[in-house]
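Participant:
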Amino acid sequence: MAEPLAYTTFESYLEGERTSQRPHELVGGRVYALAGGSERHDLVAGLLYEALAPGARARGYRPFTSNRLVRTECGNGYYPDVMVVCSPAPHRQFETDPALIIEVLSPTTQDHDRREKAVAYAESSGLGLLLLVDPDVRRVEVARPAGGRIRDWQVYGTGDVIATPYGDIDIDACYDAVDRSATTT
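Per our numbering, numbering of the sequence shown is gapless, rising by one per residue and ending at 209.
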């Protein structure tokens with residue numbers, strides 16, 4: 025006999041997040057605890073936030089780091105590493121219409137980020153760029169969603185610059201800064 029799994033509504037999930045000491049993601053009605061990131065993961069995310077935040081703010085948009093929840097069309101809840109939002113927040117705990125999302129990959133989550141999260145994020149009508157960033161290798165995968173689907177992927181690496189509406193991302197400058205700052209591998 026099949027064992028039933030508990031299903032959590034988005035509202036119940038939000039209530040749990042209000043009191044939790046640790047962030048969780050909601051996927052298909054199931055709650056998953058988030059693991060901590062590596063030093064390089066956090067350095068890359070921080071540098072990308074620093075590169076994009078001034079341009080986002082200059083346009084009147086709101087840049088966020090990993091503590092801001094995004095609710096997808098399918099009802100999942102994720103915490104992107106970096107996000108830019110152009111529209112007003114629909115709720116004090118989450119956003120629904122990001123314009124840019126950055127996920128820094130890790131060995132345990134990279135397939136999940138490339139498949140499930142990319143598809144869920146692409147449902148957002150306002151999402152113009154999704155960046156998947158390898159913290160260890162100079163590689164950034166850029167998707168340009170349109171019409172609820174990802175229609176284009178490009179890979180950027182050594183010597184490349186990614187143009188965004190909020191500022192350009194110089195791959196070498198970013199990774200050089202991480203290499204200078206990181207104390208672990």
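We put the beta carbon where it would ideally sit given N, CA and C, even for glycine.
For Gln-178, name the three-state secondary structure that DSSP assigns.
Facilitator: By one-based count along the sequence shown, residue 178 stands at place 154. It is a strand residue.
Participant: Report the CB separation of Ala-167 from Ala-142 in whole angstroms; it is logged as a contact under 8 Å.
Facilitator: Mapped onto the sequence shown, residue 167 falls at position 143. Mapped onto the sequence shown, residue 142 falls at position 118. With 8 Å as the limit, Ala-167 and Ala-142 qualify as a contact, their Cβ atoms being about 6 Å apart.
Participant: What are the boundary residues of the beta strand (DSSP E) that Asp-158 is part of?
Facilitator: Position 134 of the sequence shown, counting from 1, holds the residue named residue 158. Unbroken beta strand (DSSP E) run through Asp-158: 153–158.
Participant: How big is the Cα-Cα spacing for Thr-43 and Cys-110?
Facilitator: Taking the sequence shown and counting its residues from 1, the one referred to as residue 43 is at position 19. Taking the sequence shown and counting its residues from 1, the one referred to as residue 110 is at position 86. Spanning the two alpha carbons is a distance of roughly 28 Å.
Participant: Between which residues of its own chain and Arg-162 is the CB-CB distance below 6 Å, once the five residues before and five after are set aside?
Facilitator: Start at 1 with the first residue of the sequence shown, and residue 162 comes out as number 138. Answer for Arg-162: Gly-181, Thr-182, Ile-195 and Tyr-199, listed in chain order.
Participant: Please look up how many angstroms separate the CB atoms of Val-68 and Val-157, rounded, as I've assumed it's under 8 Å.
Facilitator: Taking the sequence shown and counting its residues from 1, one reaches residue 68 at position 44. Taking the sequence shown and counting its residues from 1, one reaches residue 157 at position 133. The pair is a contact, with the Cβ atoms about 6 Å apart (cut-off 8 Å).
Participant: Name the DSSP bridge partner or partners of Gly-101?
Facilitator: Here residue 101 is taken as the residue at index 77 of the sequence shown, counted from 1. Gly-101 is bridged to Leu-50 and Arg-95.
Participant: Is there contact here, the region 54–67 with the region 75–82, by at least three beta-carbon pairs under 8 Å?
Facilitator: The region 54–67 is not in contact with the region 75–82.
Participant: Straight-line CA distance for Phe-118 to Thr-96?
Facilitator: Position 94 of the sequence shown, counted from the start, is the residue given in the question as residue 118. Position 72 of the sequence shown, counted from the start, is the residue given in the question as residue 96. Near 10 Å, if we compare the C-alpha coordinates of Thr-96 and Phe-118.
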